[in-house]
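*Asks:* Can you read through this structure? Questions will come right after.
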Amino acid sequence: MFSKNPYIHLILSPQHLWRSMSLGAKSIWLHKLRSLLTALGVVFGVASVVAMLAIGEGASHEAQEQIRKLGSQNIILESVKPTDSSGPVGQSRSFVIEYGLNSKDIKQILQTIPGISIVVPSRIISEVLWVEEKNLEASIIGALTIYPQMRNRTLAAGRFFNDLEQDNRSPVCVINQSAASRLFPLSTPTGKTIRVRGTYYRVIGVIEDEGQRATTESVSQGNSKSGGNGSLAQMIIPFATLMDNFGDTFFRFRSGSFDAEKVEFHEAIIRVGKVEDVVSSAAAVKHLLSRNHPREDYRVTVPIELLRQAERTKRIFSIVLGSIAAISLLVGGIGIMNIMLASVTERTREIGIRRALGAKQSDIVLQFLIETVLLAGAGGVLGVIMGLGIPLAISHFAGVTTVIKAWAPALAFSVSVFTGIAFGIYPAMRAAKMNPVEALRHE
Amino acid sequence: MADPIIELRDIRKTYRMGDLESHVLQGISLSIHPGEYVCMMGPSGCGKSTMLNVLGCLDQPTSGQYFLGGFDVSKLNDDDLSQARCRNLGFIFQSYNLIQQLSVIENIQLPLYYKGVPEHESRAIAENLAEQVGLSHRLYHKPNELSGGQQQRVAIARALSNDPLVILADEATGNLDSKSGNEILNIFDELNRAGKTMVFVTHDERMVQRCTRVIRLRDGLLDKDEPGANANRTAVFEATMQH
């Protein structure tokens, strides 16, 4: 007779759940300050989850963006000025410092290492660009026509130089956006001319900026002087034109003294046919270079290795982040449990009344569980709001990229609800297990 | 005679505290029929509270059988006992025991909520009962905004909301002044006249004057079982039942 309740399904009907929830909300509202303080642990836990996920995603997004620009099939070789700038052994006190990659290296790489589809060397020098009275210190890159494809760079306006211009050693150039905006702030750059050391170059295109990475060390020094914000100013001209006009020795006056560097190639990009071969080819290249260059005057960058490294870093970051979030949610959960236990004791008589009026143990469990989940969930909502605000503030004030994925707030919120359930079960069970007679007698 | 609503067969209740056993109820057998208005009396410690807890399905007897509405409830598990309370019993307490966060109407609806009655139905029932006890104008007040007599009237409405077989009360007039006590007693009279079966634990002599049966307990045993001042009312009620 008693076990067949025709209304049993109604206890869990939306209408009844809604009533239980509004009841729970009421008793939370009854103790506003207490509830707020209790939920605070969860608020901070959830906020830190959301914020750190956003920062982590931002960092990894930035890394991936950079790597995408460098090209995952590429191996990038750079010439680096050796730390002891005294010149090669045996060549005493020459004032011309000779270092870096040369055509012999390039030839050997092409001949001995299989699977390499192309090697594109380039030279980079630091010079002052003139447009009428305006000047700007920029790096001038001598490159081949396939440079934009190799570096995954797109043109914003105009075109890149072609094979004909390259073969004719034409005085044409492509400048990047930051150079364009500083040299031609009010007009379109294409068709204008730029003067460098007495030679005029016609601007035929504008290329998009390259992200944060400095191309070589010497150039980043040059840039720090020009003090521009954002990307470095760049001017790209045909490789042959650069060799004609600037030779292979680069002179520079620096704080009264004079030094000269002789570098054949500042940079070379090796494209490997298959992505799987990149790591092994890179190892071979490193081995070859280490034989040719007893001094460490080069640097090998393998974007795909950077990607792996970025993933590793992200994983470590995730573990750290996860532990911090777990600890704060644990603390928050314990706080909630503590208050709920106190609340159960405080409301012993109410529990007794409800039991006397026909509430089953499960009804009592549900009531307290709903209350805990509402409390934790409200904390979760506040935490998500706060957690969305923190990355925005960080991006705004610190200039760090943050990426908020849609799943991050959802995950953080569900974690808060889960915390509510996990830490609410015990107090709710305790409430339900009370003896109705004793509960009714409780003062 | 109609079948009894409550039938107790040799109910015993023993509490064990360490090595000490205290036999609170020592074999009580009695029947209560529809329409009876029973006052249960006795000196403190006679077991009448325990008796009320057993009758109210809040506590299980150690041995013996308890038939409520014809079904043995003495061996039910916790969930089924809750259901038995929910569907067959109405409680009225000395200290009203209303839930403070809930409004008058919500308090009256509470047993229906646990019974699973849909909101619109339970609301209609509760409004109707509030009117009967004269509290239609106080539906959205909180219990602490009401006087003692008003609170007890809410409790009565609540006890009636699930249309129980029996109303159980523990010193229902104990906290009230004589005027509001009388008002409450009048309501009980009306309910009994309408055929409600009621079992009240009381010390109130006025109640004895109005009831149909007085049961006196002493040391966990039935001491006296005698007709009350209105005993003939039950007879009249039973006569109408048989037609």
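Residue numbers (our numbering), protein chains in the order written: chain A, 1 to 443; chain B, 1 to 243. Beta carbons are placed, not taken as given, at the ideal position from N, Cα and C, and that holds for glycine.
To the nearest angstrom, report how far apart residue 245(A) and residue 411(A) are at their CA atoms.
*Replies:* Against the first sequence, residue 245(A) aligns to sequence position 245. Against the first sequence, residue 411(A) aligns to sequence position 411. For residue 245(A) and residue 411(A), the distance between alpha carbons rounds to 59 Å.
*Asks:* Thinking just about the alpha-carbon of each residue, which of 123(B), 201(B) and 126(B) is nearest to the one in residue 44(B)?
*Replies:* One-based indexing of the second sequence puts residue 44(B) at position 44. Nearest of 123(B), 201(B) and 126(B) to residue 44(B), Cα basis: 201(B).
*Asks:* Going by DSSP, name the residue or residues bridged to residue 38(B).
*Replies:* Counting from one through the second sequence, the residue named residue 38(B) turns up at place 38. Per DSSP, 199(B) and 213(B).
*Asks:* Going by Cα to Cα distance, which pick from 385(A), 437(A) and 432(A) is closest to residue 49(A)?
*Replies:* Here residue 49(A) is taken as the residue at index 49 of the first sequence, counted from 1. Checked all of 385(A), 437(A) and 432(A); the closest Cα to residue 49(A) is 385(A).
*Asks:* Buried or exposed: residue 325(A), going by 16 or more other Cβ atoms within 10 Å of its Cβ?
*Replies:* Locating residue 325(A) in the first sequence gives position 325, counting from the first residue. Burial call: buried.
*Asks:* Using C-beta distances below 8 Å, list every residue in its chain close to residue 67(A), excluding the 5 sequence neighbours before and after it, in chain order.
*Replies:* For the purposes of this step, residue 67(A) is taken as residue 67 along the first sequence, with counting starting at 1. Cβ neighbours of residue 67(A) beyond the five flanking positions: 303, 304, 306, 307 and 310.
*Asks:* What residue range is occupied by the uninterrupted alpha helix (DSSP H) comprising residue 67(B)?
*Replies:* Position 67 of the second sequence holds residue 67(B). Counting along the chain, residue 67(B) falls outside any alpha helix (DSSP H), though it belongs to the beta strand (DSSP E) covering 63 to 68.
*Asks:* Between the Cα of residue 352(A) and the Cα atoms of 145(B), 38(B), 96(B) and 67(B), which residue gives the shortest distance?
*Replies:* On the first sequence, residue 352(A) is found 352 positions in, with the first residue counted as 1. Comparing Cα positions, the closest option is 96(B).
*Asks:* Would you report the Cα separation of residue 396(A) and residue 53(A), rounded to the nearest angstrom?
*Replies:* Reading the first sequence from its first residue, position 396 is the one you call residue 396(A). Reading the first sequence from its first residue, position 53 is the one you call residue 53(A). Their backbone Cα atoms lie some 17 Å apart in a straight line.
*Asks:* Where residue 140(A) and residue 316(A) are concerned, what is the direct C-alpha to C-alpha distance, given to the nearest angstrom?
*Replies:* For the purposes of this step, residue 140(A) is identified with residue 140 of the first sequence, where counting begins at 1. For the purposes of this step, residue 316(A) is identified with residue 316 of the first sequence, where counting begins at 1. Their backbone Cα atoms lie some 39 Å apart in a straight line.
*Asks:* With distances taken between CB atoms, is the gap from residue 166(B) to residue 89(B) smaller than 8 Å?
*Replies:* In the second sequence, counting from the first residue as 1, residue 166(B) sits at position 166. In the second sequence, counting from the first residue as 1, residue 89(B) sits at position 89. Their beta carbons are under 8 Å apart, which means residue 166(B) touches residue 89(B) by this criterion.
*Asks:* With DSSP run on the structure shown, which of helix, strand or coil describes residue 149(B)?
*Replies:* Against the second sequence, residue 149(B) aligns to sequence position 149. Looking at residue 149(B) - three-state DSSP - the assignment turns out to be helix.
*Asks:* Using a beta-carbon distance below 8 Å, is residue 75(B) in contact with chain A?
*Replies:* The residue you call residue 75(B) lines up with position 75 of the second sequence. Not closer than 8 Å to any Cβ of chain A, the Cβ of residue 75(B) fails to qualify, so no.
*Asks:* Which residues in the same chain as residue 392(A) place their Cβ atom closer than 8 Å to its Cβ, once the five residues preceding and following it in sequence are excluded?
*Replies:* Taking the first sequence and counting its residues from 1, the one referred to as residue 392(A) is at position 392. Excluding positions up to five away in sequence, the list reads 402.
*Asks:* Could you work out which residue in 107(A), 415(A) and 432(A) is closest to residue 47(A) when comparing CA atoms only?
*Replies:* Position 47 of the first sequence holds residue 47(A). Comparing Cα-Cα distances from residue 47(A) to each of 107(A), 415(A) and 432(A), the minimum goes to 415(A).
*Asks:* Is the shortest distance between the beta-carbon of residue 437(A) and the beta-carbons of chain C less than 8 Å?
*Replies:* Protein chains in the displayed structure are A and B, and chain C is not among them.
*Asks:* Select from the stretch 350 to 369 of chain A all residues with a C-beta closer than 9 Å to any C-beta belonging to chain B, and list them in chain order.
*Replies:* 350, 352, 353, 354, 355, 356, 357, 358, 359, 360, 361, 362 and 363
*Asks:* So, does the stretch 18 to 29 of chain A touch the stretch 366 to 382 of chain A, judging by three or more C-beta pairs under 8 Å?
*Replies:* yes
*Asks:* Does any CB atom of chain A fall closer than 8 Å to the CB of residue 85(B)?
*Replies:* Residue 85(B) sits at position 85 when you count from the first residue of the second sequence. Yes, residue 85(B) counts as interfacial toward chain A.
*Asks:* Can you tell me which residues form a DSSP beta bridge with residue 130(A)?
*Replies:* In the first sequence, counting from the first residue as 1, residue 130(A) sits at position 130. The partner list for residue 130(A) (beta bridge, DSSP) reads 135(A) and 195(A).
*Asks:* Return yes when the Cβ of residue 159(B) is within less than 8 Å of the Cβ of residue 92(B), no when it is not.
*Replies:* Along the second sequence, one-based indexing puts residue 92(B) at 92. Along the second sequence, one-based indexing puts residue 159(B) at 159. Going by C-beta atoms, residue 92(B) is nearer than 8 Å to residue 159(B).
*Asks:* Using a Cβ-Cβ cut-off of 8 Å, state whether residue 375(A) counts as contacting chain B.
*Replies:* Against the first sequence, residue 375(A) aligns to sequence position 375. For residue 375(A), no CB of chain B lies under 8 Å from its own CB, so it is not counted at the interface with that chain.
*Asks:* In whole angstroms, what is the alpha-carbon distance linking residue 440(A) and residue 51(A)?
*Replies:* If you number the first sequence from 1, residue 440(A) lands on position 440. If you number the first sequence from 1, residue 51(A) lands on position 51. Whole-angstrom Cα-Cα distance: 47 Å.
*Asks:* Taking the beta strand (DSSP E) that residue 21(B) belongs to, which residues open and close that run?
*Replies:* Counting from 1 along the second sequence, the entry for residue 21(B) is found at position 21. Per DSSP, residue 21(B) belongs to the beta strand (DSSP E) from 20 to 32.
*Asks:* Please state if the CB of residue 233(B) and the CB of residue 175(B) are separated by a distance shorter than 8 Å.
*Replies:* Position 175 of the second sequence, counted from the start, is the residue given in the question as residue 175(B). Position 233 of the second sequence, counted from the start, is the residue given in the question as residue 233(B). In this structure, residue 233(B) does not lie closer than 8 Å to residue 175(B) by Cβ.
*Asks:* Go ahead and pull the three-state DSSP assignment for residue 48(A).
*Replies:* For this step, residue 48(A) is matched to residue 48 along the first sequence. Residue 48(A): helix per DSSP, three-state reduction.
*Asks:* Measuring straight from C-alpha to C-alpha, what distance separates residue 93(A) and residue 81(A)?
*Replies:* Working through the first sequence from its first residue, we reach residue 93(A) at position 93. Working through the first sequence from its first residue, we reach residue 81(A) at position 81. Residue confidence is low: residue 93(A) scores 49 on pLDDT, short of 50, so the model does not pin down where it sits. Its coordinate-derived value is still stated next. Near 16 Å, if we compare the C-alpha coordinates of residue 81(A) and residue 93(A).
*Asks:* Please classify residue 12(B): does DSSP put it in a helix, a strand, or coil?
*Replies:* Here the question's residue 12(B) lines up with position 12 in the second sequence. Strand.
*Asks:* Quick one, are the C-beta atoms of residue 38(B) and residue 207(B) less than 8 Å apart?
*Replies:* Numbered from 1 along the second sequence, position 38 holds the residue referred to as residue 38(B). Numbered from 1 along the second sequence, position 207 holds the residue referred to as residue 207(B). With contacts defined by Cβ atoms closer than 8 Å, residue 38(B) and residue 207(B) do not form a contacting pair.
*Asks:* Given this structure, state the Cα-to-Cα distance separating residue 226(A) from residue 43(A), to the nearest angstrom.
*Replies:* What you label residue 226(A) is simply residue 226 of the first sequence in a count that begins at 1. What you label residue 43(A) is simply residue 43 of the first sequence in a count that begins at 1. Low local confidence applies: a pLDDT of 37 at residue 226(A) is under 50, so the model's placement there is unreliable, with the coordinate-based value given in what follows. Rounded to the nearest angstrom, the two C-alpha atoms are 46 Å apart.
*Asks:* Please check if any C-beta of chain B sits within less than 8 Å of the C-beta of residue 30(A).
*Replies:* Position 30 of the first sequence holds residue 30(A). Under the Cβ distance rule, residue 30(A) counts among the residues neighbouring chain B, one pair being separated by less than 8 Å.
*Asks:* Suppose you measure from the CA of residue 122(B) to the CA of residue 322(A); what does that come to, to the nearest Å?
*Replies:* Within the second sequence, residue 122(B) is the residue found at index 122, counting from 1. Within the first sequence, residue 322(A) is the residue found at index 322, counting from 1. Between residue 122(B) and residue 322(A), the C-alpha separation is close to 48 Å.
*Asks:* Exposed or buried, residue 30(A), counting other C-beta atoms within 10 Å across all chains shown (16 or more means buried)?
*Replies:* Translated into the one-based positions of the first sequence, residue 30(A) becomes position 30. Classification for residue 30(A): exposed.
*Asks:* So the alpha helix (DSSP H) residue 129(B) belongs to, where does it begin and stop?
*Replies:* Taking the second sequence and counting its residues from 1, one reaches residue 129(B) at position 129. First-last of the alpha helix (DSSP H) with residue 129(B): 119 to 132.
*Asks:* Rounded to a whole number of angstroms, what is the C-alpha to C-alpha distance between residue 243(A) and residue 266(A)?
*Replies:* Counted from its first residue, the first sequence places residue 243(A) at position 243. Counted from its first residue, the first sequence places residue 266(A) at position 266. In this structure, the straight-line span from the alpha carbon of residue 243(A) to that of residue 266(A) is close to 13 Å.
*Asks:* Among residues of its own chain, excluding the 5 on either side of residue 87(B), which ones have a beta-carbon nearer than 8 Å to its beta-carbon?
*Replies:* To locate residue 87(B), count along the second sequence from 1; it is residue 87. Answer for residue 87(B): 115, 162 and 164, listed in chain order.
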